[in-house]
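What follows is a short report on a single structure.
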Amino acid sequence: MSQINRRMLISGASATAAFGLAGCVGSQTPDIQAAAVAPPPPPSPSTPVSAAASGGSQPDYSVAYGPMPGEKFPLPAVKLSEIDPAFLRKQVDYQTKEPPGTIVIDTAQHYLYHVEDGGKATRYGVGVGREGFIWTGEATIKKKQEWPDWYPPKEMLERRPELRKQMAQLQSGTGMAGGLGNPIGARGMYLWQGDVDTYFRIHGTNEPSSIGKSVSSGCIRMINQDVIDLYSKTPPGTRVIVQGTAPVLQAKLARS
């Protein structure tokens, strides 16, 4: 399996500090060793191509992004005026050698593709890592959780002590219980490499206006209604491929 590649801050930031900024990581950080590598080569003909702009179909957005009163925490409708229409859910033409069920994330274009039969994919707009927190590689969804709790690392709480007012003592430590105000949103899918937790997630967000932007600390953000849709058709064991075009540092996650 490919190792994760990740851009890291060079000036004034260690690997631990970089992970500590993430709003979706656990309370511990993996041991990372980084070595510079060349920018990735141009995509080969076997690499999935961009979906044709005119080759797809969109759902009824009033339904797809409407309220979801049956959720544990009833979701309000998405304010579509806050989101660029280019990043709304759509079924598109998508030619790839990857089997149906695979998730391919294009961080440069801010799209996540769920590969389907017949040369199709469901395309979702996503928020990705900002400068210094871009990563590429392969991982597997090892576990999933509805309305997950959030456990910000101690480094974040030290830098932003005002967050402590929103924290409580939960089963796994100091954190914020799942809910509408939780930055992890309605669903979380946890990315692992073998038996190593990458501490990256695919998750919902309580900031839908961040979709289509590079604002996170490496996790993949989705509109809550979109992450619920993806979650429903993504079993544990799903392969996730994260692609990007920016020069990166190769980060090797040491196995514990």
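Residues -17 to -1, 1 to 239 (mature numbering (1 follows the signal peptide of the UniProt record, and there is no 0)) make up the sequence shown, in order. Don't be surprised by glycine CBs; every beta carbon is placed ideally from N, CA and C. Note that the structure is a prediction, hence the values are computed from the model and not measured.
Each residue's CA atom was taken as its position, placing Y173 and I211 some 14 Å apart.
Secondary structure of K126 (DSSP, three-state): strand. Within the stretch 168 to 234, the alpha helix (DSSP H) runs of at least 4 residues that lie entirely inside it are, in chain order, 207 to 215. Between the stretch 86 to 99 and the stretch 48 to 65 there are fewer than three C-beta pairs closer than 8 Å, too few to call the two in contact. Nearest to E99 by alpha-carbon distance, out of T85, P191 and A122, is T85. When DSSP reads this structure, H97 sits in a beta bridge with I86 and T105. The criterion of a C-beta distance shorter than 9 Å is satisfied by S40 and Q74. Assignment of beta-bridge partners to Q74 by DSSP yields S40 and T105.
In the DSSP secondary-structure assignment, E121 is bridged to I224. The beta carbon of L140 is closer than 7 Å to those of L146 and R147 in its chain, skipping five residues each way along the sequence. Where L153 is concerned, the enclosing beta strand (DSSP E) starts and stops at A151 to L153. Your pair G187 and M159 does not check out as a contact, with CB atoms roughly 14 Å apart and the cut at 8 Å. The C-alpha of W130 lies about 6 Å from the C-alpha of G162.
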